[in-house]
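*Asks:* Provided herewith is a single structure, encoded as structure tokens, for subsequent inquiry.
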Amino acid sequence: RKGELKWYNPFHSIRPYPNGVINAVKLTNPGIEWFCEHIGPTLDRRKNAVIVSITSESTAQLAQMARMLEDIDIVGIQINPHCPNSNQPSKRRIRSIYSSAEAVKNNTQHPIILSLPPSIAEESVMRVGSMIEAVTINSVPYRMFSHKQPSPLKHLGDGSVSGKRAHPFTWNYALRIME
Numbered sequence: 005r006k007g008e009l010k011w012y013n014p015f016h017s018i019r020p021y022p023n024g025v026i027n028a029v030k031l032t033n034p035g036i037e038w039f040c041e042h043i044g045p046t047l048d049r050r051k052n053a054v055i056v057s058i059t060s061e062s063t064a065q066l067a068q069m070a071r072m073l074e075d076i077d078i079v080g081i082q083i084n085p086h087c088p089n090s091n092q093p094s095k096r097r098i099r100s101i102y103s104s105a106e107a108v109k110n111n112t113q114h115p116i117i118l119s120l121p122p123s124i125a126e127e128s129v130m131r132v133g134s135m136i137e138a139v140t141i142n143s144v145p146y147r148m149f150s151h152k153q154p155s156p157l158k159h160l161g162d163g164s165v166s167g168k169r170a171h172p173f174t175w176n177y178a179l180r181i182m183e
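Offset between the sequence shown (1-based) and the numbering used here: plus 4.
The structure is reproduced here in structure tokens:
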């Protein structure tokens, strides 16, 4: 997958922000086939606890990736079902998150971690609760902050905020999920 972060121009996809950073990185990587062929055979979870992060808009692709990872000695699979900047309607996103978790769960014995931005309703976590072992909280979409100016990363879908500036959103989200 080709990402937005360029070593020769990092500020194309990252910008300083008061008490944080805005990013729209989309990390580049050589793909799951390459990982399974070159890295997978070398892993031993007793020496290195590796969690593999997967993402796709297609539940069939997520299922296939989960199957590909089944014989690799990892401690878990993290699903990133949505970019934090997605403007997809909430109910559709919840259905998509459920389908993503279900596709992975039905194709692996590995523990599943679901990565969600605070813009996703707690309802989505409750619906997938029996399929996952943990939740990680992704960065906060720029649009969740009240702004008078457009995002400096508007050309990449606005970006998401991390750092201290995002803490009120992420901490409150974590508290709501735990309730």
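Cβ atoms here follow ideal geometry from the backbone N, Cα and C, with glycine treated the same way.
Just to confirm my understanding: we take T243, look at its own chain, exclude 5 residues before and 5 after, and list those with CB closer than 7 angstroms. What are they?
*Replies:* Residue 243 falls outside the range modelled here, since the chain spans only 5 to 183, and no answer is possible.
*Asks:* What runs of the alpha helix (DSSP H), each 4 residues or longer, lie entirely inside the region 73-140?
*Replies:* 94-109 and 126-132
*Asks:* Considering only residues of the same chain and omitting the five flanking positions on each side of R71, which have a CB-CB separation below 8 angstroms?
*Replies:* Counting from 1 along the sequence shown, the entry for residue 71 is found at position 67. N111 and T112.
*Asks:* For Y21, report the span of its beta strand (DSSP E) as first-last.
*Replies:* In the sequence shown, counting from the first residue as 1, residue 21 sits at position 17. Start and end: I18 to Y21.
*Asks:* My understanding is that Y228 touches I26, with C-beta atoms under 8 angstroms, so please give their C-beta distance in whole angstroms.
*Replies:* Past the edges of the chain, shown from 5 to 183, lies residue 228, and the structure says nothing about it.
*Asks:* Thinking C-alpha only, which one of T174, L47, P122 and E61 is nearest R99?
*Replies:* Here the question's residue 99 lines up with position 95 in the sequence shown. When only C-alpha atoms are compared, the closest one is E61.
*Asks:* Per DSSP, G24 forms a beta bridge with which residues?
*Replies:* As a first step, residue 24 is located in the sequence shown; it is residue number 20 there, counting from the start. Answer by DSSP bridge pairing, in chain order: Y21.
*Asks:* Span of the beta strand (DSSP E) holding F55?
*Replies:* Indexing the sequence shown from 1 puts residue 55 at position 51. Just to set this straight, residue 55 is Ile in the shown sequence, not Phe. Element bounds for I55: I55 to I58.
*Asks:* For Q53, I'd like the list of residues in its chain whose CB is within less than 8 angstroms of its CB, leaving aside the five on either flank, ordered along the chain.
*Replies:* Here the question's residue 53 lines up with position 49 in the sequence shown. Residue identity check: residue 53 is Ala in the sequence provided, not Gln. If we look at A53 and ignore the five residues flanking it on each side, its Cβ neighbours are V79.
*Asks:* Taking its Cβ as the centre, do 16 or more other Cβ atoms sit within 10 Å of K109, making it buried, or is it exposed?
*Replies:* To locate residue 109, count along the sequence shown from 1; it is residue 105. Looking at its Cβ environment, which holds 16 or more other Cβ atoms inside 10 Å, K109 is buried.
*Asks:* Residue range of the alpha helix (DSSP H) that Y177 falls in?
*Replies:* Mapped onto the sequence shown, residue 177 falls at position 173. Residues H171 to M182.
*Asks:* Closest to V144 by CA distance: which of K158, A170 and R131 is it?
*Replies:* Taking the first residue of the sequence shown as position 1, residue 144 is located at position 140. Of the candidates K158, A170 and R131, the one whose C-alpha sits nearest the C-alpha of V144 is A170.
*Asks:* Going by the CB atoms, is the gap between P121 and L142 shorter than 8 angstroms?
*Replies:* To locate residue 142, count along the sequence shown from 1; it is residue 138. To locate residue 121, count along the sequence shown from 1; it is residue 117. Per the sequence presented here, residue 142 reads as Asn, with Leu not at that position. Cβ distance < 8 angstroms, so N142 and P121 count as in contact.
*Asks:* I think T59 touches N84, with their Cβ atoms under 8 angstroms apart; what is that distance to the nearest whole Å?
*Replies:* Along the sequence shown, one-based indexing puts residue 59 at 55. Along the sequence shown, one-based indexing puts residue 84 at 80. The pair is a contact, with the Cβ atoms about 4 angstroms apart (cut-off 8 angstroms).
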